[in-house]
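Protein chains in written order, with this note's numbering: chain S, 148 to 914; chain P, 7 to 169.
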């Protein structure tokens with residue numbers, strides 16, 4: 148399964164895959180423009196003419212002007228990962244460009260970019276090859292033009308410091324652009340054959356550059372969606388109904404709001420897609436007035452049928468499902484699992500629960516919508532134009548081509564801004580009220596409309612043979628499925644053809660341990676699905692599935708009286724399906740073995756620790772088998788036996804993500820994601836009560852703060868292999884490493900996330 | 007009509023008394039560097055200085071700014087040692103909370119030129135960074151403190167008189 152391909156293949160092919168398009172290099176308005184054009188585009192004219200005639204219709208990947216400034220157009224959003232910097236580094240590498248000459252522009256919505264989603268930890272993995280090749284095509288073109296100007300053979304030339312150099316002669320890019328003529332086309336076949344710089348010659352990839360988005364984020368100048376204003380706009384705040392789906396407004400009484408200065412009125416929103424039902428939007432001259440007026444308005448509803456649903460109901464449903472034979476969809480089926488269990492000398496099973504977890508990104512949801520000259524303009528930070536734009540168009544009842552989504556910095560994404568449904572109430576209010584509308588969710592509104600990580604239940608079972616070996620491993624997983632609600636067309640079929648499943652609620656169970664008989668079933672929890680919109684939360688499925696998988700491997704090791712690290716190492720033999728393939732998973736499980744051995748050493752595994760302290764270890768392979776980020780994590784914890792409080796003293800992590808394009812950003816992502824892992828393991832989590840999330844604001848949803856920060860020891864493997872993803876994978880192994888450490892410290896096995904002091908206290912009492 | 011100084015400039019505003027200072031700064035005076043995060047003084051994204059003290063502007067009615075000095079991130083004009091340290095240490099990820107973090111950190115350095123790790127943690131735990139760039143926030147504060155201290159050592163006229 149390749150999630151990435153699966154995500155893109157459903158869209159128009161030509162616009163998607165750079166490998167299927169012609170690459171054009173031409174001079175337009177005295178700049179050198181490098182663009183991809185669909186194969187279908189007629190190329191009877193020269194490359195320059197095509198680019199000129201079509202304006203910016205082919206996707207312009209980068210351009211160089213007569214000042215020598217190189218602008219890289221990035222069809223990815225900036226939400227903290229400094230992705231623009233890393234992607235620009237890939238281009239700069241091939242071009243031999245001076246970093247000071249590099250600029251980045253973030254593209255707004257346009258179908259020409261193909262399917263765009265900043266998520267899944269995909270950006271560098273996905274763009275590395277096409278950007279390198281585009282840069283290589285630029286390099287060839289510049290060398291040809293530069294050689295001509297220098298009167299030398301192209302073969303004698305190299306690129307360095309934004310210059311074409313031959314012996315002691317050189318000419319700058321700026322000079323070349325001023326004097327050169329450019330008209331080149333590369334076919335997909337030619338592009339594929341272009342030589343990419345060998346790793347030992349790199350001058351930009353693998354070196355630190357100051358991230359381009361950092362300075363404006365230190366002086367208040369960075370513009371986020373919430374900062375955008377338009378002439379003549381009004382403010383709005385939504386009143387969100389009592390149930391996520393199926394509510395209907397019966398009446399609205401705004402008599403008390405009328406005395407509020409600046410109050411302009413309300414709209415009962417009419418969503419043609421029915422994504423939001425029973426919403427009222429309150430309009431005012433200022434946001435403060437909109438908040439006050441909405442608090443003063445009384446709305447009566449006919450509620451949907453989930454008003455009584457609780458967390459416990461959802462979990463009980465999940466428990467039932469994971470214990471129902473043949474429920475859900477078959478995802479892994481190696482060997483003969485039934486036979487393994489029938490002939491087992493002993494068996495072991497355990498059930499793991501993770502509770503509802505939320506995004507609480509710092510910038511509350513918001514969008515500004517304006518209808519101008521027949522086009523809807525939506526201004527908001529979002530992770531995916533490709534998911535957001537059609538959702539807004541459908542809600543408005545207009546075609547996709549009459550909506551443009553304008554991109555800004557995101558005050559956090561973490562998956563909440565992938566399906567930008569928060570733009571829907573803004574657009575509908577603007578449509579019904581007839582003015583540009585800036586609609587902002589208060590923090591409690593944002594929380595109420597969150598797409599939470601669904602509560603989950605997993606049951607894992609092991610069959611042990613008479614030689615004390617793990618020979619059968621069965622994993623049943625159940626949760627609400629984000630992809631089912633927000634992108635159902637992207638759900639692949641299970642291997643038994645019984646239905647489709649959400650890969651983002653399943654991946655992580657297809658581990659790289661060699662176990663002869665292995666079965667995984669993935670099961671949707673329909674009660675979660677109808678009570679709220681399950682969401683993609685940073686590290687998605689692997690973020691909670693690995694808690695079950697990696698805790699259970701530890702449980703099996705203890706049961707078999709084996710060292711949990713040694714047992715894992717023995718199963719990471721890189722044989723059969725775990726041998727990996729070129730380029731992204733080359734060497735397969737052996738790379739996971741390598742990071743585990745490295746982490747074992749770093750953490751001084753086996754050292755004697757004081758009473759009530761313990762080390763625990765876990766591994767992860769990132770977001771998906773087809774893009775494995777090899778990680779081992781060790782947690783050193785101290786548990787207070789009386790209060791049950793768990794303190795994470797130190798986290799050790801070893802990461803092999805192939806080539807590291809931008810080391811400092813890579814480190815920042817791992818630092819942040821380790822802390823996310825600790826936070827989700829110990830500090831976050833909420834529950835569903837009366838059909839809504841209990842958490843409403845930062846007083847009752849409490850992500851980790853600086854005073855809870857553990858020490859961190861982070862090691863990257865030096866590698867020249869294909870780069871994979873890094874935005875999420877660091878989260879995954881932290882929770883099971885902590886749970887395994889708690890067991891080693893206390894003998895208490897925690898099978899629930901978040902792990903709470905009362906869980907320790909309850910189990911100590913029972914013991 | 008409420009009058010106060012905003013980044014050293016006298017301003018006046020006709021807004022309901024209970025309007026949070028945050029919205030006045032952002033939407034009336036267009037200084038968007040101060041951010042809305044929670045509305046209940048729990049996250050620190052809206053931190054500004056009121057007569058030199060770090061306050062949460064989302065929960066501070068405009069009436070309380072009457073006659074006072076309010077300064078925001080824009081008032082530092084990119085010249086505060088913390089801002090330089092923030093770039094050097096590459097602190098921001100999404101960056102949304104960072105104006106508030108810098109404003110909060112600035113009041114720590116005002117009171118304590120060489121804070122310990124614990125003192126930094128205690129002071130900065132009032133602010134949430136959802137990207138959890140905490141290790142770098144801490145590092146940047148320490149490095150700004152060290153640089154300011156060495157600057158004082160070099161340029162302090164009193165010490166050169168004594169020396």
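The C-beta atom is built at its ideal place from N, Cα and C for all residues, glycine as well.
Since we're looking at a predicted model, the values are computed, not measured.
### Query
Got a sec: which bits of the stretch 421-435 of chain S sit with their beta carbon under 9 Å from any beta carbon on chain P, in order along the chain?
Under the 9 Å Cβ criterion, the stretch 421-435 of chain S contributes 433, 434, 435.
#### Entry: residue 105/P: contacting residues in chain S (beta-carbon distance under 7 Å)
By 1-based counting over the second chain, the position of residue 105/P is 99. Within chain S, the residues 367 have their CB atoms less than 7 Å from the CB of residue 105/P, given in chain order.
### Message
Is it buried or exposed, residue 715/S, if we count other Cβ atoms within 10 angstroms and call 16 or more buried?
### Response
By one-based count along the first chain, residue 715/S stands at place 568. Buried: at least 16 other Cβ atoms inside 10 Å.
### Message
Does chain P have any CB closer than 9 Å to the CB of residue 833/S?
### Response
For the purposes of this step, residue 833/S is identified with residue 686 of the first chain, where counting begins at 1. For residue 833/S, the answer is no, since every Cβ of chain P falls outside 9 Å of its Cβ.
### Query
So residue 586/S is in the beta strand (DSSP E); what residue range does that whole segment cover?
Sequence index remark: in the first chain, residue 586/S carries index 439 (1-based). That run of the beta strand (DSSP E) goes 584-587.
### Cβ shell of residue 555/S (< 6 Å), same chain only, five flanking positions each side left out
Sequence index remark: in the first chain, residue 555/S carries index 408 (1-based). Cβ within range, chain order: 370, 371, 372, 528.
### Task
Round the Cβ separation of residue 885/S and residue 902/S to the nearest angstrom and send it over; I've been treating them as touching at under 8 Å.
Locating residue 885/S in the first chain gives position 738, counting from the first residue. Locating residue 902/S in the first chain gives position 755, counting from the first residue. Yes, they are in contact, since the Cβ atoms of residue 885/S and residue 902/S sit about 7 Å apart, within 8 Å.
### Message
Taking 8 Å as the cut-off, is the C-beta of residue 155/P nearer than that to any heavy atom in the ligand GTP?
### Response
You won't find the ligand GTP in this model; it holds no ligand whatsoever.
### Message
Using the three-state DSSP reduction, which class does residue 423/S fall into: helix, strand or coil?
### Response
Counting from 1 along the first chain, the entry for residue 423/S is found at position 276. DSSP places residue 423/S in the coil class of the three-state scheme, outside both helix and strand.
### Query
In chain S, what lies closer than 7 Å to residue 131/P by C-beta?
Translated into the one-based positions of the second chain, residue 131/P becomes position 125. Ordered by position in chain S, the residues that pass the 7 Å Cβ test against residue 131/P are 852, 853, 854.
### Query
Can you list, in chain order, the residues of the stretch 21-34 of chain P whose Cβ is nearer than 7 Å to any Cβ on chain S?
Taking 7 Å as the cut-off between beta carbons, the residues of the stretch 21-34 of chain P near chain S are 22, 25, 26, 29, 33, in sequence order.
### Task
Can you give me the Cβ contacts of residue 243/S inside the same chain, cut-off strictly under 6 Å, excluding the 5 residues immediately before and after it?
As a working mapping, residue 243/S is identified with position 96 in the first chain. Sequence-distant partners of residue 243/S (beyond 5 residues in either direction) whose C-beta falls short of 6 Å from its own C-beta, in its chain, are 306, 307.
### Query
From 26/P, 79/P, 77/P, 15/P, pick the residue whose C-alpha is nearest to that of residue 65/P; which is it?
Here residue 65/P refers to the residue found at position 59 when the second chain is read from its first residue. In this structure, 26/P is the residue among 26/P, 79/P, 77/P, 15/P with its C-alpha nearest to the C-alpha of residue 65/P.
### Message
Rounding to the nearest angstrom, what Cα-Cα distance links residue 909/S and residue 503/S in this structure?
### Response
By one-based count along the first chain, residue 909/S stands at place 762. By one-based count along the first chain, residue 503/S stands at place 356. If you take the alpha carbons of residue 909/S and residue 503/S, they lie about 21 Å apart.
### Query
Alpha carbon to alpha carbon, how far is residue 78/P from residue 559/S?
Counting from one through the second chain, the residue named residue 78/P turns up at place 72. Counting from one through the first chain, the residue named residue 559/S turns up at place 412. Their Cα atoms are separated by approximately 22 Å.
### Message
Tell me which residue opens and which closes the beta strand (DSSP E) that residue 110/P is part of.
### Response
In the second chain, residue 110/P corresponds to position 104, counting from 1. No beta strand (DSSP E) holds residue 110/P; the alpha helix (DSSP H) holding it covers 104-117.
### Task
Pick helix, strand or coil for residue 662/S, following the three-state DSSP scheme.
In the first chain, counting from the first residue as 1, residue 662/S sits at position 515. Correct three-state label for residue 662/S: coil.
### Query
What number of angstroms, rounded off, separates the C-alpha of residue 230/S from the C-alpha of residue 270/S?
Mapped onto the first chain, residue 230/S falls at position 83. Mapped onto the first chain, residue 270/S falls at position 123. Going by the C-alpha atoms only, they are around 7 Å apart.
### Message
Let me see if you follow: with CB-CB separation under 9 Å, is residue 720/S close to chain P or not?
### Response
Indexing the first chain from 1 puts residue 720/S at position 573. Closer than 9 Å: no.
### Task
Grab the span of the alpha helix (DSSP H) containing residue 580/S for me, first residue to last.
Counting from one through the first chain, the residue named residue 580/S turns up at place 433. If you look at residue 580/S, you'll find it in the alpha helix (DSSP H) that goes 570-580.
### Message
Does chain S have any CB closer than 9 Å to the CB of residue 18/P?
### Response
Against the second chain, residue 18/P aligns to sequence position 12. Output row for residue 18/P: interface = no.
### Alpha-carbon to alpha-carbon, residue 751/S and residue 799/S
Locating residue 799/S in the first chain gives position 652, counting from the first residue. Locating residue 751/S in the first chain gives position 604, counting from the first residue. When the Cα atoms are used, residue 799/S and residue 751/S turn out to be separated by approximately 10 Å.
### Query
Who are the near neighbours of residue 116/P in its chain, counting only those whose CB is closer than 6 Å to its CB and skipping five residues on each side?
Here residue 116/P refers to the residue found at position 110 of the second chain. Hits under 6 Å: none found.
### Message
Quick check on the burial criterion: 16 or more other C-beta atoms within 10 angstroms. Buried or exposed for residue 795/S?
### Response
As a first step, residue 795/S is located in the first chain; it is residue number 648 there, counting from the start. Residue 795/S should be labelled buried.
### Query
In its own chain, which residues sit with a C-beta less than 7 Å from the C-beta of residue 480/S, not counting the 5 before and 5 after it?
The sequence position of residue 480/S within the first chain is 333, counting from 1. Excluding residues up to 5 positions away in sequence, 642, 666 lie with their Cβ nearer than 7 Å to the Cβ of residue 480/S in the same chain.
### Query
Under three-state DSSP, which class holds residue 909/S?
Position 762 of the first chain, counted from the first residue, corresponds to residue 909/S. Residue state, collapsed to three classes: helix.
### Task
Consult DSSP for residue 760/S and reduce its assignment to one of helix, strand or coil.
The sequence position of residue 760/S within the first chain is 613, counting from 1. The DSSP-derived three-state label of residue 760/S is strand.
### Query
Which residues bound the alpha helix (DSSP H) around residue 289/S?
If you number the first chain from 1, residue 289/S lands on position 142. Per DSSP, residue 289/S belongs to the alpha helix (DSSP H) from 270-297.
### Query
Which residues bound the alpha helix (DSSP H) around residue 307/S?
Looking up residue 307/S in the first chain gives position 160. Boundaries around residue 307/S are those of the beta strand (DSSP E), 305-307, since no alpha helix (DSSP H) includes it.
### Message
Using only the alpha-carbon positions, how far apart do residue 482/S and residue 664/S sit?
### Response
Counting from 1 along the first chain, the entry for residue 482/S is found at position 335. Counting from 1 along the first chain, the entry for residue 664/S is found at position 517. Cα to Cα, residue 482/S sits roughly 4 Å from residue 664/S.
### Message
Beta carbons nearer than 8 Å to chain S: which residues of the stretch 136-160 of chain P have them?
### Response
Correct list: 136, 137, 138, 139, 140, 141, 142, 143, 144.
#### Entry: Partners in chain S for residue 48/P, counting only beta-carbon separations shorter than 8 Å
For the purposes of this step, residue 48/P is identified with residue 42 of the second chain, where counting begins at 1. Listed along chain S are 844, 845, 846, each with a C-beta nearer than 8 Å to that of residue 48/P.
### Message
Looking at chain S, is there any beta carbon in it that lies within less than 9 Å of the beta carbon of residue 10/P?
### Response
The residue you call residue 10/P lines up with position 4 of the second chain. Not a single C-beta of chain S is nearer than 9 Å to the C-beta of residue 10/P.
### Query
Between the C-alpha atoms of residue 623/S and residue 685/S, what's the straight-line distance to the nearest angstrom?
The residue you call residue 623/S lines up with position 476 of the first chain. The residue you call residue 685/S lines up with position 538 of the first chain. Each residue's alpha carbon lies about 22 Å from the other.
### Query
In angstroms, rounded to a whole number, what distance separates the CA positions of residue 112/P and residue 59/P?
Numbered from its first residue, the second chain carries residue 112/P at position 106. Numbered from its first residue, the second chain carries residue 59/P at position 53. So the alpha carbons of these two residues sit roughly 10 Å apart.
### Query
Are the CB atoms of residue 512/S and residue 563/S nearer to each other than 9 Å?
Position 365 of the first chain, counting from 1, holds the residue named residue 512/S. Position 416 of the first chain, counting from 1, holds the residue named residue 563/S. In this structure, residue 512/S lies near residue 563/S, with their beta-carbon atoms less than 9 Å apart.
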